[in-house]
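S.K.: Under full-length UniProt numbering, the residues of the sequence shown are numbered 1 to 456, in order.
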Amino acid sequence: MTQDTRTTLRTPIVAVLGHVDHGKTSLLDKIRGSAVSEGEAGAITQHIGATDIPLETISTMAGELVDPDDFDLPGLLFIDTPGHHSFSTLRARGGALADIAVLVVDVNDGFQPQTEEAIDILRRTGTPFVVAANKADTTPGWNPQEGEPIQRSLAAQSDRAESMLNENLYEIIGQLSDVGFSADLYWRVQDFQKNIGVVPVSAMTAEGIPDLLTVLMGLSQRFMREEMAIDVHGPGEGTVLEVKDERGFGATVDAVIYDGVLRNGDTVVIGGQNEPIVTEVRALLRPRPLAEIRTEKKFEKVAEVTAAAGVKIAAPDLDDAMAGAPIRVVRDRPVEDVVAEVKAELAEIEVETAEDGVVVKADTLGSLEAMADALRESEVPIMRAEVGDIAPRDVAIAETANQQEHKAILGFNVDVLANAKRELETADVTLYSNDVIYQLIENYETFVEERKRAQQ
Ligand code: GDP
């Protein structure tokens, strides 16, 4: 008889960060596309909000670079939304949701402000990362080698193209060293915990992508294996990525499950706008494989998901669920204990509000907290802080502020609902909307100062 060992190793969760236009989205698309085109070799499992690349596919893509016998981790799960914003605001038990990161740097452009911000965040959270030196194909005289490992591709380049690329790569290695990281070209790195590996890649031709996946796999296997152990029967734990209305299901939650198992019918506790939501899972949904998508049905139902996985949860009462909030399955313990746990986790990110102040809306709990911190530093009081798009209610509340300078809504990475737009046209409320926190606050402060000057 086989013994149920109860533990298994889960897929490490990977985030992609970097400066705008350096190629984060293109790289994710290419990784996904290259994996799909590997066809029969396991290909990729469709997920919500994340892409799972199994070891089998990585090893087919990487050829001689990967011996699957060297690994027992099942593959890599890439979070589909790139950017350090989603990285720093998506948490798992207080830490970052992603276990490991890819920092994308345009090989011609080198370090830019958001590269430095991303590095600060990675350093602060102690997240291991590799650098993808992207757009290698733009090197003058480049001879493209579709999908090849980078060293094989380099062998096909002229000496001139190779030395021009090298010059740019060493520039990036120097910039990493300026901010305190020892780094080198990945094939010269002996110990990836001590040195950051720099992998030249192209999101256009997929050159170097096999190497990037290999390095991520190796890094996880060597240094994260212990943390990847999960109890296959343990209660599922996850993080809300997004709350979405879905035809036929009402409000649903897109989530990444990072521990245990989540089953259809489970009672779950999810962080909500007011109180934690206690509800029962009605359906667990995954996207249908592309070939099978029919117009009427985008999703297929699954009975359970085991970490790490991206999944859509359909259940009653999810309207108030918050992006960034924790999800916990109730199993083998009283529901009150789980509610208390979710409350405690949310309390860590509670925002202090005042009688008179501005209205703040943000896309996730983490970004709301970041906004609140920044506003506290600027001594701007907050009357109401909430996750979600700007609604008519927000306009009405902003209008009740006593001081004129507080009749304002600061929206971070959110949309304005159509009916709120109409209200704003007539209301005595100013809207500030931006997806960079410091710019948002700067715009607001400029407005306040100009007003004061005008009144003098
Ligand atoms: P993001 O803002 O970091 O997500 O960057 P995008 O993925 O949107 O890429 C920005 C621009 O760079 C787009 O026009 C892409 O087509 C282009 N781009 C991205 N990666 C590469 C690459 O490897 N080679 C070339 N030639 N262009 C690229």
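For each residue, glycine too, the CB sits at the ideal point set by N, CA and C.
Starting from the C-beta of L65, find all residues in its chain whose C-beta is less than 8 Å away, skip the five residues before and the five after it, and write them out in chain order.
M.R.: For L65, where only same-chain residues beyond five positions count, the Cβ hits under 8 Å are P149, P210, D211 and T214.
S.K.: Could you pull the start and end residues of the beta strand (DSSP E) that Y258 belongs to?
M.R.: G250 to D259 is the extent of the beta strand (DSSP E) around Y258.
S.K.: Using three-state DSSP, classify A41 as helix, strand or coil.
M.R.: Confidence at A41 is low in this model, with a pLDDT of 49, below 50, so its placement is unreliable and the value that follows should be read with caution. Note: A41 maps to coil in three-state DSSP.
S.K.: Tell me the start and end of each unbroken alpha helix (DSSP H) in the segment 183-218 that is at least 4 residues and wholly inside, in chain order.
M.R.: Segments of the alpha helix (DSSP H) lying fully in the segment 183-218: there are none.
S.K.: Just to confirm the assignment, what range does the beta strand (DSSP E) spanning M228 have?
M.R.: M228 -> no beta strand (DSSP E), and no H or E assigned at all.
S.K.: Can you determine whether any heavy atom of the ligand GDP sits closer than 6 Å to the C-beta of T138, and answer yes or no?
M.R.: Indeed, a heavy atom of the ligand GDP lies less than 6 Å from the Cβ.
S.K.: Output needed for E386: all residues of its chain with C-beta closer than 7 Å, excluding positions within five of it in sequence on either side, in chain order.
M.R.: Around E386: Q273 and K361.
S.K.: For A15, write down the residues that DSSP places opposite it in a beta bridge.
M.R.: A101.
S.K.: Any heavy atom of the ligand GDP closer than 6 Å to the beta-carbon of D184?
M.R.: Every heavy atom of the ligand GDP is 6 Å or more from the Cβ of D184, so no.
S.K.: Do I382 and residue 462 have their beta-carbon atoms positioned less than 7 Å apart in this structure?
M.R.: No information on residue 462 is available, as it lies outside the stretch 1 to 456 that the chain covers here.
S.K.: Would you check if the distance between the CB atom of P74 and the CB atom of T11 is smaller than 7 Å?
M.R.: For P74 and T11, yes; Cβs fall inside 7 Å.
S.K.: In this structure, does DSSP put T267 in helix, strand or coil?
M.R.: T267: strand per DSSP, three-state reduction.
S.K.: Does DSSP put residue 516 in a helix, in a strand, or in coil?
M.R.: With the chain covering only 1 through 456, there is no way to say anything about residue 516.
S.K.: Any heavy atom of the ligand GDP closer than 6 Å to the CB of E86?
M.R.: Note on identity: in this sequence residue 86 is Ser, with Glu being the wrong assignment. Every heavy atom of the ligand GDP is 6 Å or more from the Cβ of S86, so no.
S.K.: Select from T353, D191 and K301 the residue whose C-alpha is nearest the C-alpha of I48.
M.R.: I48 has its Cα closest to that of K301, out of T353, D191 and K301.
S.K.: List the residues that DSSP assigns as beta-bridge partners of A321.
M.R.: In DSSP, A321 forms a bridge with G272.
S.K.: Any idea what DSSP makes of P326, helix, strand or coil?
M.R.: Here P326 sits in strand by DSSP.
S.K.: Are the CB atoms of S158 and G147 nearer to each other than 7 Å?
M.R.: Going by C-beta atoms, S158 is not nearer than 7 Å to G147.
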